[in-house]
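If you read the sequence shown in the numbering used here, its first letter stands for residue 1133, the second for the next number, and so on. All residues carry an ideal CB built from backbone N, CA and C; glycine is no exception. Model, not experiment: these values are computed from the prediction.
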Amino acid sequence: MRSPLVYCGPMWGGKTEGLISRLVRARIQKVRVAAFTPAINTRDGEACIRSHSGASFPAVPVQSGEELLEHADQADVVGIDEAFMISGIVEAVRELNDRRKKIVMATLDMDSEGKVWEPVGHLLGMAEEIVKCPAVCSVCKHDAYYTFRLPDAPSERLLVGAGDFYEPRCYPCWEEGQREKRIARGQQHLFRTGPELPG
Ligand SMILES: [Zn+2]
């Protein structure tokens, strides 16, 4: 397995499914596996990673990259779900690399405004393999690489466990939805705000 391996994309793209299948495969190969999930993302203290299709894998909830490292020593393969939510994750992955661990992660890549989550750019840069996992556009049914926030959703950048407030969209349908929201807010005079580009 190339390492780090990153499954990324919008919500409902099957990122966690990809992660779990790799971890299950490692377990069948009798490799020692440790899996982690952001503590903020666990409902009812549930200690597992769970995909939308119902697959699950036992995981340790962690608050930070440091805490993850404390629990990773006994493993040869380290799985990390929703990596972008764990503070210090970039440094932790670098340290896991130094310790010659195989690392496989799943992470959202962009927020619902089309901005890349800050740690993810680093994680993708360090990755030896990246798998983009498109969902299905809720409007036109083409591949969806964006997560659209519905107009009546709260405005915090990160809404944990709030899938009802989002839907996957392809870029044209996502942009159209963003435009409609601006018009509804009386901001039709503003230029569109697409994904931020460098420079
Ligand atoms: Zn579409």
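Alpha-carbon spacing of residue i relative to residue j, whole angstroms
| i | j | result |
| --- | --- | --- |
| H1274 | R1159 | 35 Å |
| S1270 | H1184 | 16 Å |
| T1239 | E1288 | 18 Å |
| L1201 | I1262 | 23 Å |
| E1299 | A1285 | 11 Å |
| I1172 | R1311 | 31 Å |
| Q1246 | E1214 | Reading the sequence as shown, one finds Gly at residue 1246 and not Gln. One C-alpha to the other measures close to 17 Å. |
| A1259 | P1142 | 18 Å |
| D1241 | R1157 | 25 Å |
Three-way DSSP call (helix, strand, coil) for residue i in this model
| i | result |
| --- | --- |
| Y1303 | helix |
| I1221 | helix |
| P1190 | strand |
| T1174 | coil |
| M1258 | helix |
| D1275 | strand |
Buried or exposed by the 16-neighbour rule on C-beta atoms within 10 Å, applied to residue i
| i | result |
| --- | --- |
| G1309 | buried |
| E1250 | exposed |
| K1147 | buried |
| R1164 | exposed |
| P1170 | buried |
| R1282 | The amino acid occupying residue 1282 in the given sequence is Leu; Arg does not appear at that position. It counts as exposed. |
| R1301 | buried |
| D1296 | exposed |
| C1305 | buried |
Check: residue i C-beta below 7 Å from any heavy atom of ligand 1
| i | result |
| --- | --- |
| P1142 | no |
| C1302 | yes |
| C1265 | no |
| H1274 | yes |
| C1180 | no |
| V1210 | no |
| V1248 | no |
| V1222 | no |
| V1165 | no |
| V1252 | no |
| V1271 | yes |
Q.
Closer than 8 Å is the cut-off here; do at least three beta carbon pairs connect the region 1194-1207 with the region 1217-1237?
A. yes
(Q) Tell me whether the region 1138-1149 and the region 1249-1268 touch, counting them as touching only if at least three CB pairs, one residue from each stretch, are closer than 8 Å. (A) As far as the Cβ criterion goes, the region 1138-1149 touches the region 1249-1268, which means the pair count is three or higher.
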